[in-house]
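Protein chains: 2
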Amino acid sequence: MEGDGPPFAGKRAVTIKDVAAVAEVSRATAARALNGYGYVGGAAAERVREAAERLGYRGNRIAQALRQGQMPIIGFVPGDIQNPFFARIAHDVDIELRRSRRSLLIASSEEDPQQEREILDNLRALNVRGMIVAPASGEDNPHLVRMVREGMPLVLIDRVVAGVPCDSITVDNEGGAHEAVGYLVANGHRRIALIHDGSRIATARERLAGYARCLTENGIAVEERLIAVSQSTVEHAIDATIRLFSQPERPTALFTVDSLMTTGALLALRSMGLSIPQDVSLVGFDDFDLATFTDPQITVVAQPVAQIGPLAVKMLLDRIRGSEEPPRSKRFATRLIVRGSVAHPDFGRHR
Amino acid sequence: MEGDGPPFAGKRAVTIKDVAAVAEVSRATAARALNGYGYVGGAAAERVREAAERLGYRGNRIAQALRQGQMPIIGFVPGDIQNPFFARIAHDVDIELRRSRRSLLIASSEEDPQQEREILDNLRALNVRGMIVAPASGEDNPHLVRMVREGMPLVLIDRVVAGVPCDSITVDNEGGAHEAVGYLVANGHRRIALIHDGSRIATARERLAGYARCLTENGIAVEERLIAVSQSTVEHAIDATIRLFSQPERPTALFTVDSLMTTGALLALRSMGLSIPQDVSLVGFDDFDLATFTDPQITVVAQPVAQIGPLAVKMLLDRIRGSEEPPRSKRFATRLIVRGSVAHPDFGRHR
DNA sequence: TTGAAAGCGCTAACAT
DNA sequence: ATGTTAGCGCTTTCAA
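Shown next, in the form of structure tokens:
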């Protein structure tokens with residue numbers, strides 16, 4: 001923190017001591033009345049409640065937290081809060097958590113493992129009650145392992161990571177990608193391009209694997225020149241698409257591994273004057289608003305995003321309440337939503 | 001909170017006491033060395049730093065906070081984190097805040113004044129250092145007034161509220177709406193419909209005012225039947241659009257006051273078989289990804305969303321550092337982005 | 001230059 | 001049924 005000014009200009013907050021004084025009881029009795037435990041005389045309890053009400057007593061959660069060793073806060077560390085996928089999950093988690101009177105602290109890792117480590121350190125220093133994390137790196141996560149060892153309740157979402165003994169929620173990326181590419185193959189495509197996002201994140205790697213397996217199973221060679229690596233932003237995906245489709249023997253189809261990239265591909269294809277599906281067929285991973293607004297609408301592999309947040313909270317609360325079961329990992333199936341962005345590769349020529 | 005299990009299964013965290021013991025100094029000296037203030041002997045300081053390093057000392061932010069009277073946390077209370085407008089601001093605020101080593105706690109009010117009040121109470125109990133709030137109600141905000149009175153640094157964004165003496169950031173909703181409707185009028189429209197979101201939120205009310213003023217200035221009556229009230233969700237906007245365009249004398253143009261409603265209108269118009277801009281001209285408030293993907297692209301009033309988050313943080317940090325200037329309120333201008341969704345009302349017939 | 005000690009606000013074991 | 005008291009981990013006088 002930088003040089004702060006005066007700590008707090010306001011008048012001193014009312015403490016339990018004030019309440020006790022007004023109610024003419026001890027602090028202990030006041031606490032008992034307010035928190036509803038132990039024996040309290042009816043009359044005394046009444047006076048305390050009245051005093052608290054009149055003084056506008058709030059309780060100091062920091063003191064409570066210090067006393068009890070932790071804050072009623074859950075940390076959420078998405079890759080990027082601006083990604084609609086994570087925004088949706090954050091929203092759902094927030095709603096669920098509010099039911100159990102806990103707050104949500106959101107800090108995005110920006111997909112940077114180093115930044116993720118700092119954020120987790122911070123959350124630990126805050127003694128948060130548990131965390132839901134979309135890990136930025138698929139391997140070598142000693143900080144996560146250490147946290148779990150130390151007993152911090154942790155649920156990993158969206159990405160599998162090796163060797164961290166905790167609950168996790170993912171979707172079947174490999175299967176979803178396999179289905180998408182299979183659909184393209186079934187429509188007669190053999191030069192199928194892929195844009196993916198390096199392999200740092202397990203999600204992307206699995207989608208790549210599904211792509212490769214499907215091609216191999218269909219006797220199609222996996223060609224370097226058809227695979228473009230791009231960061232997961234609209235801008236980078238535009239470049240990657242242009243690279244891919246400026247080659248002499250143009251791909252007839254494209255598979256993009258997330259919605260930001262699908263958006264970029266759409267933009268790039270349009271600017272290159274290539275129509276969907278006449279010139280290029282397209283399937284994207286992850287459903288998104290835009291997919292139904294284009295003409296034709298985009299065929300996508302949808303993830304059950306609405307289920308992830310609530311389940312993550314449930315798993316986390318179980319752990320917080322002391323569950324000692326072995327780590328569970330839930331893997332959701334994906335669903336191919338066929339819309340209009342795929343056609344036979346000869347479709348364009350026949351017109 | 002509900003019945004929690006064991007507080008924390010892990011081993012006890014290392015405290016400054018442990019560090020002091022290992023370094024063979026007192027806790028006071030250890031604290032001085034670690035926080036770099038007061039006199040500390042070079043040798044002692046070295047030993048302390050070493051011990052802290054070796055033990056993996058983290059400091060306990062809760063204890064620090066209790067001691068100092070507040071947490072290094074900023075609260076952010078958007079209307080809805082899923083709204084891309086707020087997601088973007090949350091993202092920017094997070095980035096800015098990280099620079100000054102503060103964390104961001106996000107809790108969405110779901111546009112419910114009651115829930116907003118609870119959230120603010122919570123944040124206050126946490127002794128957060130300041131808040132950035134998009135108030136859910138435009139009037140009668142005694143809880144906000146009280147907070148400011150008590151010295152809580154507060155920056156209001158997106159919506160003006162009467163009588164809360166604090167910094168605020170808004171955009172020129174009235175002017176933007178006026179410009180949008182003016183553009184429609186200039187294109188020959190006189191039956192211009194509006195979908196807005198009740199008047200609870202000042203933003204919506206101002207946009208309505210801009211619409212009405214523009215019509216009046218152009219000698220066009222403001223007709224009840226052309227104005228639909230709808231909640232700010234895609235679904236409700238669909239209903240409202242259908243109501244509006246099922247009337248005998250159909251409007252020739254539509255102005256929607258936020259991007260969710262624009263999306264709904266697009267969907268509804270499409271399902272009613274009405275084309276843009278042949279049958280209906282459309283202008284929306286707030287630019288959004290989708291607007292450039294439709295055919296034709298949608299003309300919108302854009303807000304400078306990228307500037308809001310950073311400025312809010314700057315204002316807030318100024319206050320936290322003790323600035324006593326009178327409340328500043330920044331009002332950004334909007335910008336009409338003309339794309340293809342507006343045509344002359346006779347355009348359709350002449351084809 | 002360092003240490004002892006008080007105290008932030010709260011809870012809970014213990015005593016009455 | 002209620003009060004006394006210790007102590008959570010830290011910072012910061014005050015005294016040495």
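Protein chains in written order, with the UniProt record's numbering: chain P, 1 to 351; chain D, 1 to 351. Quick reminder that beta carbons are idealized off the backbone N, C-alpha and C, glycines included.
With contact defined as three or more Cβ pairs closer than 8 Å, the stretch 178-194 of chain P and the stretch 265-285 of chain P are in contact.
Close CB contacts of P:ASP94 within its chain, under the 8 Å cut and outside five residues either way in sequence, are with LEU104 (chain order). Contacts with chain P at 8 Å (Cβ-Cβ) do not include D:SER271. Along the stretch 116-139 of chain P, going in chain order, the ones with a CB nearer than 9 Å to a CB of chain D are GLU118, ILE119, ASP121, ASN122, LEU123, ARG124, ALA125, LEU126, ASN127 and ARG129.
Taking the C-beta atoms as reference points, D:LEU126 is found no nearer than 8 Å to D:PRO135.
Taking a C-beta distance under 8 Å as the contact criterion, D:HIS236 and D:GLY198 do not qualify as a contact pair. The Cβ atoms of D:ARG98 and D:ILE74 do not sit closer than 8 Å to each other. When 9 Å is used as the limit between beta carbons, D:THR263 is near these residues of chain P: ASP289 and PHE293, in chain order.
As the crow flies, the alpha-carbon of P:CYS166 is around 10 Å from that of P:GLY151. Residues of the stretch 299-310 of chain P that bring their beta carbon within less than 8 Å of a beta carbon in chain D are absent altogether. Sequence-distant Cβ neighbours of P:VAL257 in its own chain, meaning closer than 6 Å and more than five residues away, are HIS196, ALA204, ARG207 and PHE285.
Selection D:VAL77, D:ARG129 and D:VAL128 evaluated against D:ASP112 yields D:VAL77 as nearest (Cα-Cα).
Secondary structure within the stretch 263-293 of chain P: the beta strand (DSSP E) runs of 3 or more consecutive residues, fully enclosed, are 281-285 (chain order). In this structure, P:VAL19 sits near P:ALA30, with a CB-CB distance shorter than 8 Å. Taking a contact as a CB-CB distance under 8 Å, the pair P:MET315 and P:VAL155 counts as one, their CB atoms being some 5 Å apart. With a threshold of 16 other beta carbon atoms within 10 Å, D:THR216 falls short and is exposed.
Note that the C-beta distance between P:ILE169 and D:LEU66 is not below 8 Å. Taking all protein chains shown into account, D:ARG129 has 16 or more neighbouring C-beta atoms within 10 Å of its C-beta and is therefore buried.
For P:ASN218, the nearest beta carbon of chain D is not closer than 8 Å to its own beta carbon.
Closer than 8 Å at the C-beta level to chain P, one finds these residues of the stretch 36-61 of chain D: ARG58, GLY59, ASN60 and ARG61.
Between P:PRO251 and P:LEU226, the C-beta spacing is below 8 Å. In the assembly as shown, D:ARG159 is a buried residue. Its beta-carbon has 16 or more other beta-carbons within 10 Å. Around the beta-carbon of P:ALA228, 16 or more other beta-carbon atoms lie within 10 Å, marking it buried. Annotation for D:VAL234: the continuous alpha helix (DSSP H) segment containing it runs 234-245. Residue-level contact by beta carbon holds for P:GLN82 and chain D, with a gap shorter than 8 Å.
Interface flag for P:ASP94 against chain D is set, since a Cβ pair is found closer than 8 Å.
The C-beta distance from P:GLY210 to P:VAL181 rounds to 7 Å, short enough to fall under 8 Å. In the structure shown, the three-state DSSP call for D:ARG335 is strand. Excluding five sequence positions before and after P:VAL234, the CB atoms of its chain that fall closer than 6 Å to its own CB belong to LEU260, THR263 and GLY264, given in chain order. Using a CB distance cut-off of 8 Å, P:ARG88 counts as an interface residue toward chain D.
The beta carbons of P:ALA291 and P:ILE298 sit about 4 Å from each other, so the pair counts as a contact at 8 Å. DSSP, reduced to helix, strand and coil, places D:ILE73 within a strand of the structure shown. Per DSSP, reduced to three states, the secondary structure at P:LEU126 is coil, with no helix or strand assignment. Sequence-distant partners of D:THR294 (beyond 5 residues in either direction) whose C-beta falls short of 7 Å from its own C-beta, in its chain, are LEU266. Classified as buried, P:TYR183 has 16 or more neighbouring CB atoms from the shown chains inside 10 Å of its CB. The beta-carbon of P:HIS91 is placed less than 8 Å from the nearest beta-carbon of chain D.
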